[in-house]
Structures are given as structure tokens and as C-alpha cells.
Amino acid sequence: MGSWKTQATYVAARLGIADLLADAPQGAPELAAATGAHAPALHRLLRALATIELVREREDRSFELTSTGDLLRQGTPDSLRSWVLHWGGTSWPVWGHLLHSVTTGESARSVVSGTAGFDHLAGDSEAADTFHRAMVELTRLVVEEFVQAVDWSGTRKIVDVGGGYGELLVAALTACPGSIGVLFDAADAVERARLHMRAAGCEHRCQFLAGDFFAWVPRGADTYLLKSVLHDWDDERAAAILASCRRAIPPQGRLLVVERIVPPRLGSSAEDQALACMDLHMLVQLGARERTEAELRALLSGAGFRATSVRPLRSTLAVVEAVPEEDGAG
Numbered sequence: 039m040g041s042w043k044t045q046a047t048y049v050a051a052r053l054g055i056a057d058l059l060a061d062a063p064q065g066a067p068e069l070a071a072a073t074g075a076h077a078p079a080l081h082r083l084l085r086a087l088a089t090i091e092l093v094r095e096r097e098d099r100s101f102e103l104t105s106t107g108d109l110l111r112q113g114t115p116d117s118l119r120s121w122v123l124h125w126g127g128t129s130w131p132v133w134g135h136l137l138h139s140v141t142t143g144e145s146a147r148s149v150v151s152g153t154a155g156f157d158h159l160a161g162d163s164e165a166a167d168t169f170h171r172a173m174v175e176l177t178r179l180v181v182e183e184f185v186q187a188v189d190w191s192g193t194r195k196i197v198d199v200g201g202g203y204g205e206l207l208v209a210a211l212t213a214c215p216g217s218i219g220v221l222f223d224a225a226d227a228v229e230r231a232r233l234h235m236r237a238a239g240c241e242h243r244c245q246f247l248a249g250d251f252f253a254w255v256p257r258g259a260d261t262y263l264l265k266s267v268l269h270d271w272d273d274e275r276a277a278a279i280l281a282s283c284r285r286a287i288p289p290q291g292r293l294l295v296v297e298r299i300v301p302p303r304l305g306s307s308a309e310d311q312a313l314a315c316m317d318l319h320m321l322v323q324l325g326a327r328e329r330t331e332a333e334l335r336a337l338l339s340g341a342g343f344r345a346t347s348v349r350p351l352r353s354t355l356a357v358v359e360a361v362p363e364e365d366g367a368g
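What follows is the structure, encoded as C-alpha cells:
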């Protein structure tokens, strides 16, 4: 029955409860007036949120925000509101068809919307923006460790493949003041990425290109980034992305792959549960998967890369650095 927490948190994020409580406690009647909700029902939601420590109920029956609830505020540096909206919104109906995915090995997205992959975002600009903002929020959790884990000396040009709004590229460009970047993704993401990178002060150092990474990737950079891209696709499609990168990368270039690493055997820790959750999420949403280190190395090798190091980050992620094999296609 744990899914009730997802929907309670989603509704709180959708109504903007955290932003309304940011400055001072309020009661359900005031919050209902501000959100258009039914006051008695909203009070019941707030009580439920108090049990999972997103808000705290005071003696006067008003509610105040907790430090955890503060993560649902919009536009704050550590906000996770878009991730909550993505998980509890467009992803929610698909999870209800997990049985379909387990019995077929395929995404259940087509059962819900008749679309595959990320095609459902093409006709829904709000959902697309929420998704890309959610990816920014998750990337922000690991950028500091990512930058520290990589040797940036000699880096001059960085291509972020499937980079969304460019949060990882911003971090890389900040770590390399003399470098330039290329943000490469689908057209809808690239258009909004320019605004995101302008706000970060990096627009003038970046080129924005729209395209299909199954077919091609911009050539000639010394460093290529692939964060949380391969896990969105099955082995055949992931191999096609890596093949595009291999055709683009020069002999002395490198590829930095940031992905979750699944251990050979999962235990019952919170970290292992999070990995299992995301692996099933990839299955039901996209017909894709999280991978073990051996599986990632095999994918890279098949595309003409040699993995030279694997450095763990937080949130079960790791950065895998790979270089072109000498006898690979150039």
C-alpha cells in the first residue's frame, strides 16, 4: 500500500502546498482558498502528509513545512518538485501495467498512450518540460561528485549527448573555464536548454544542436558525456547510440558514461531497493534496463570502446570513462 505516499506527495506538489507554506504556517481553509481545493479533504491530505513528515501539524490545527517538505518548493536550488510531478503524474498510469511488462518484456507505455519511448512527450509540452526539469533536479544531486571524479586537464571541447537542459554540461564547463560545449538532444529539449544555460551564465560558451543520436553525434570534441541515456534503451538501441559516439570521437578522445551500476546480486538495503525500483521503472516505462558493470563494459566494447575506469558517485550512480579502441572504426 506504499503507493499512497507517492500520490499524496504528487498532489501536494501539484497544488503548490510547499510554496504556500514557505513563509508561514497556514490552516486548511486558507490553503484551500489559495488552491481551489475542498477544505475538509485538503485537511485530510495535510494530516496524511504530516505522517510522512512533509508538513507538521501545530496545536492550532495549522500546518508548517518541514525540511523534507521544503524539497517540494518550486525553483529552489535543491528542489525535487519536478521529479515528484513526473513520477506521480505521467509515469503513474504506466506503473499500473507492470504485469504487461513482466509477461512480455516490453514497455507498458503503448498500452496507456499508444506511444513508445519518449514519443508521449512530443505532443505534451508541459509533460516534456516537467520531465527535463526532473532530470535537472536529479543531475544536480551528483554534479559536484562528478566534477571531482574526472580529470579535466586538457579538456577543450565537450559534447553532451542527450543532455536535456544541460545541467551536467554546465558543471563540466564550469570545471573547465577555457573549454566550449555542445548540447545535443531533440529539438524541444535544445530550445529550452538555451534558456537554462543562459541562466547559468554558460550560453555564450555553448553550441545548441538538435538531432537523432541513433543516427549521428557531433564530431570532433575531446570529451563526450552520456548521462542516464543508455538505461533508457534496450541493448540494441543503446549499442546504436554508442556506435554514433564512436564514429564521432577522435582517436585521443574519451567518453564519460554516467549510469547506475547494478551489483551482481541485490540485497535488501535501501540502496538496493532504489536500484530495483529504477530497473523496474525502466522496464515498465521504456522496455529498457539498468545494467551491471560487466554489461556496460560489454556494450562499450561492442561499440569499439575500452572502459578505463569506473568511479562510484552517490545515488547508486558511477562514471565510467572509456576511450576508443585502436582497431575500432574512426
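Heads up, the sequence shown is in the numbering used here, so the first residue is 39 and it goes up one at a time.
For each residue, glycine too, the CB sits at the ideal point set by N, CA and C.
Range of the contiguous alpha helix (DSSP H) that encloses Val255: If you number the sequence shown from 1, residue 255 lands on position 217. Where Val255 is concerned, there is no enclosing alpha helix (DSSP H), given that its DSSP letter is neither H nor E.
On the criterion of 16 or more Cβ atoms from any shown chain inside 10 Å, does Glu128 qualify as buried, or is it exposed? For the purposes of this step, residue 128 is taken as residue 90 along the sequence shown, with counting starting at 1. In the sequence as displayed, the identity of residue 128 is Thr instead of Glu. So Thr128 ends up on the buried side.
By a C-beta neighbour count over all protein chains shown, 10 Å radius and 16 as the cutoff for buried, is Arg111 buried or exposed? Working through the sequence shown from its first residue, we reach residue 111 at position 73. By the neighbour-count criterion, in which a residue is buried when 16 or more other Cβ atoms sit within 10 angstroms of its Cβ, Arg111 is buried.
Hey, would you say Tyr262 sits closer than 8 Å to Leu293, going by beta carbons? Here residue 262 corresponds to residue number 224 of the sequence shown, with the count starting at 1. Here residue 293 corresponds to residue number 255 of the sequence shown, with the count starting at 1. Taking the C-beta atoms as reference points, Leu293 is found nearer than 8 Å to Tyr262.
Measuring CB to CB, does Thr106 end up less than 8 Å from Glu91? Sequence index remark: in the sequence shown, residue 106 carries index 68 (1-based). Sequence index remark: in the sequence shown, residue 91 carries index 53 (1-based). A Cβ-Cβ contact shorter than 8 Å links Thr106 with Glu91.
Classification of Val140 by the beta-carbon crowding that lies within 10 angstroms, buried from 16 upward: The residue labelled residue 140 in the question sits at position 102 within the sequence shown. Residue environment analysis places Val140 among the exposed positions, since fewer than 16 neighbouring C-beta atoms fall within 10 angstroms of its C-beta.
Minimum length 4: unbroken alpha helix (DSSP H) runs contained in the stretch 134-209: Runs of alpha helix (DSSP H) with 4 or more residues, each lying fully within the stretch 134-209, are found at 136-142, 147-151, 163-178 and 181-187, listed in chain order.
So is Pro350 buried or exposed if we call it buried at 16+ other beta carbons inside 10 Å? Position 312 of the sequence shown holds residue 350. An exposed status is given to Pro350, since fewer than 16 other beta-carbon atoms sit within 10 Å of its beta-carbon.
As assigned by DSSP and simplified to three states, the class of Asp61: For the purposes of this step, residue 61 is taken as the residue at position 23 of the sequence shown. Asp61 falls in the coil class under three-state DSSP.
Rounded C-alpha distance that separates Val358 from Pro78: Locating residue 358 in the sequence shown gives position 320, counting from the first residue. Locating residue 78 in the sequence shown gives position 40, counting from the first residue. Spanning the two alpha carbons is a distance of roughly 51 Å.
Keeping to the same chain, check which residues put their C-beta closer than 7 Å to that of Arg352; ignore five residues upstream and five downstream. Along the sequence shown, read from residue 1 onward, the residue named residue 352 stands at position 314. Apart from sequence neighbours up to five positions away, the residues of its chain that approach Arg352 with a beta-carbon distance below 7 Å are Leu179, Val180 and Glu183, ordered along the chain.
Do three or more CB pairs link the stretch 253-269 to the stretch 296-314 at distances below 8 Å? Touching, per the Cβ criterion.
For Pro215, is the classification buried or exposed, using 16 other Cβ atoms within 10 angstroms of its Cβ as the cut-off for buried? By 1-based counting over the sequence shown, the position of residue 215 is 177. Its Cβ having fewer than 16 others within 10 Å, Pro215 is exposed.
Where do the N-terminal and C-terminal ends of the alpha helix (DSSP H) with Ile279 fall, by residue? In the sequence shown, residue 279 corresponds to position 241, counting from 1. For Ile279, the enclosing alpha helix (DSSP H) starts and ends at Asp273 to Ala286.
Look at Val322 and Trp133 and say whether their C-beta atoms are less than 8 Å apart. Here residue 322 refers to the residue found at position 284 when the sequence shown is read from its first residue. Here residue 133 refers to the residue found at position 95 when the sequence shown is read from its first residue. Yes. Within cutoff.
Take the Cβ of Leu233 as the centre, count every other Cβ of all protein chains shown within 10 Å, and call the residue buried at 16 or more, exposed below. As a first step, residue 233 must be located in the sequence shown, where it is residue number 195. Here Leu233 is exposed: its Cβ has fewer than 16 other Cβ atoms, across all protein chains shown, within 10 Å.
What's the gap between the Cα of Leu304 and the Cα of Glu364? Counting from one through the sequence shown, the residue named residue 304 turns up at place 266. Counting from one through the sequence shown, the residue named residue 364 turns up at place 326. For Leu304 and Glu364, the distance between alpha carbons rounds to 36 Å.
Could you compute how far the alpha carbon of Thr89 sits from the alpha carbon of Met39? Taking the first residue of the sequence shown as position 1, residue 89 is located at position 51. Taking the first residue of the sequence shown as position 1, residue 39 is located at position 1. Counting only the Cα atoms, Met39 lies some 15 Å from Thr89.
Starting from the C-beta of Thr330, find all residues in its chain whose C-beta is less than 8 Å away, skip the five residues before and the five after it, and write them out in chain order. In the sequence shown, the residue the question calls residue 330 occupies position 292. So the list reads Ile299, Val300, Pro301 and Pro302, once near-sequence residues are dropped.
Leaving out the 5 sequence neighbours to the left and right, which residues in its chain are closer than 7 Å to Asp116 when beta-carbon positions are compared? Counting from 1 along the sequence shown, the entry for residue 116 is found at position 78. Close CB contacts of Asp116 within its chain, under the 7 Å cut and outside five residues either way in sequence, are with Leu109 (chain order).
Nearest-angstrom Cα separation, counted from Gly249 out to Glu241: Taking the first residue of the sequence shown as 1, we reach residue 241 at position 203. Taking the first residue of the sequence shown as 1, we reach residue 249 at position 211. For Glu241 and Gly249, the gap between their C-alpha atoms comes out near 19 Å.
Ala356 (DSSP reduced to helix, strand or coil): Reading the sequence shown from its first residue, position 318 is the one you call residue 356. Strand, per DSSP.
Would you kindly work out how many angstroms separate the C-alpha atoms of Gly325 and Ser100, rounded to a whole number? Working through the sequence shown from its first residue, we reach residue 325 at position 287. Working through the sequence shown from its first residue, we reach residue 100 at position 62. Going by the C-alpha atoms only, they are around 45 Å apart.
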